[in-house]
Structures are given as structure tokens and as C-alpha cells.
Amino acid sequence: RQSLDDLRGAIRTLQHGESKSFTDRLGQLLDVIRRTTDLDVNFVFDLVTDPLPIQQTVMLNAVKEFSTNSLKHGRSRTIDILLQEFDNAYHLTISDDGIGTDTIVFGFGLTTIRNRAESLGGTMRAESKRDDGFSLYIVLPAGIQTDDDTGRNVL
Numbered sequence: 282r283q284s285l286d287d288l289r290g291a292i293r294t295l296q297h298g299e300s301k302s303f304t305d306r307l308g309q310l311l312d313v314i315r316r317t318t319d320l321d322v323n324f325v326f327d328l329v330t331d332p333l334p335i336q337q338t339v340m341l342n343a344v345k346e347f348s349t350n351s352l353k354h355g356r357s358r359t360i361d362i363l364l365q366e367f368d369n370a371y372h373l374t375i376s377d378d379g380i381g382t383d384t385i386v387f388g389f390g391l392t393t394i395r396n397r398a399e400s401l402g403g404t405m406r407a408e409s410k411r412d413d414g415f416s417l418y419i420v421l422p423a424g425i426q427t428d429d430d431t432g433r434n435v436l
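If you're matching positions, the sequence shown starts at 282 in this note's numbering and goes up one per residue.
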């Protein structure tokens with residue numbers, strides 16, 4: 282319980298800081314997770330372009346939510362994060378080695394991530410199996426832009 286509270290507090294502090302690039306911001310988040318929890322976090326990325334700020338926010342929030350859920354529900358020790366850009370899309374895969382479940386419940390956090398991904402023309406899928414961890418797959422189209430006048434997404 283204490284490490285979960287520490288993680289939430291550190292994330293709130295991180296949100297108010299300024300970072301230059303997406304990979305810097307993600308690296309800072311992963312450092313916070315490593316520092317405030319017992320989770321071993323592995324991260325591999327292969328990006329050609331920087332995601333737009335709204336896409337960055339969706340992906341950062343997904344990592345935060347996943348980490349919190351891994352501690353709270355999954356009793357995980359390790360989280361693996363793979364972020365790639367191919368086929369004109371960003372592909373974020375987050376997996377843990379927790380207890381898993383045969384029935385995935387979309388609470389507020391997972392529902393919010395899915396809705397935000399879909400609002401940007403992307404997808405979010407969750408997979409789990411009892412005793413085999415939990416995985417989240419997010420795909421967001423690269424090159425998406427928001428029309429400042431309407432707020433709608435333009436590809």
C-alpha cells in the first residue's frame with residue numbers, strides 16, 4: 282500500500298515538471314516507478330518521429346495506470362514496455378508478470394485509456410490469463426493532427 286501511495290505522489294510531482302522530449306518524459310516516469318516501487322521496469326523503444334503531445338499524454342497515462350494496476354491487482358515484479366513506430370502508427374505494448382486474470386474488468390482507468398486511444402483514431406486491447414500476467418496493446422496513428430477550431434482529429 283505504501284509503495285502505491287509513493288508512486289502516486291511521485292507521479293503528481295512529475296506532472297508539474299518540464300521535460301524536453303517524449304522519451305525524456307517517459308524516462309523520468311520510469312525512473313519514478315523504479316524508485317518508488319519494487320517493480321523491475323524494462324523499456325525498449327524504436328521511434329522515427331516524436332508523437333504529438335496529446336498522443337504522448339495518452340501513452341504516459343497508460344504506463345502510469347498499468348504500473349498502478351500491476352502493483353494493486355497483479356502483484357507483479359516486472360513490467361516490460363515496448364514502444365515502436367511502424368505502419369504509420371505508434372505501437373505501445375505493456376506487459377507484466379503478475380497473477381493475471383481470466384476475466385478482465387474495465388474499470389475507470391482502462392476505460393479512460395481505451396476511450397482516449399479511440400478518440401485519436403487508435404485502438405486499445407487488453408489480454409490476460411490467470412497465472413500468466415496482464416498485457417495492454419495500444420496503437421495510435423502517427424501524424425494525427427487536431428483542428429484547433431473544432432478540436433476534432435484530422436489525419
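Think of the CB as a built atom: it goes at the ideal place given N, C-alpha and C, for glycine as much as any other residue.
Output needed for residue i: all residues of its chain with C-beta closer than 7 Å, excluding positions within five of it in sequence on either side, in chain order.
| i | result |
| --- | --- |
| D321 | R358, T359 |
| L363 | V325, T374 |
Going by DSSP, what residue range makes up the beta strand (DSSP E) through residue i?
| i | result |
| --- | --- |
| P422 | 415-422 |
| T404 | 404-409 |
Here's a check: name, in chain order, each residue in its chain whose Cβ is nearer than 8 Å to the Cβ of residue i, leaving out the five neighbours to either side.
| i | result |
| --- | --- |
| S409 | G381, T382, D383, I385, F415, S416 |
Around the C-beta of residue i, are 16 or more other C-beta atoms found within 10 angstroms, so that it is buried, or is it exposed?
| i | result |
| --- | --- |
| T294 | Residue confidence for T294 is low, a pLDDT of 49 falling below 50, so the modelled location carries little weight; the figure read from the coordinates is stated next. Exposed, because fewer than 16 other Cβ atoms sit within 10 Å of the Cβ of T294. |
| N350 | buried |
| S400 | exposed |
May I ask you to report which of helix, strand or coil DSSP gives residue i?
| i | result |
| --- | --- |
| V325 | strand |
Which partner residues of residue i appear in the DSSP bridge assignment?
| i | result |
| --- | --- |
| D361 | N323, S376 |
Can you tell me where the alpha helix (DSSP H) with residue i in it begins and where it stops?
| i | result |
| --- | --- |
| S400 | 389-400 |
| I314 | 303-317 |
| K345 | 334-350 |
Counting only the same chain and skipping the five closest in sequence on each side, list residues whose C-beta sits under 6 Å from that of residue i.
| i | result |
| --- | --- |
| M405 | I394, R395, A398, I419 |
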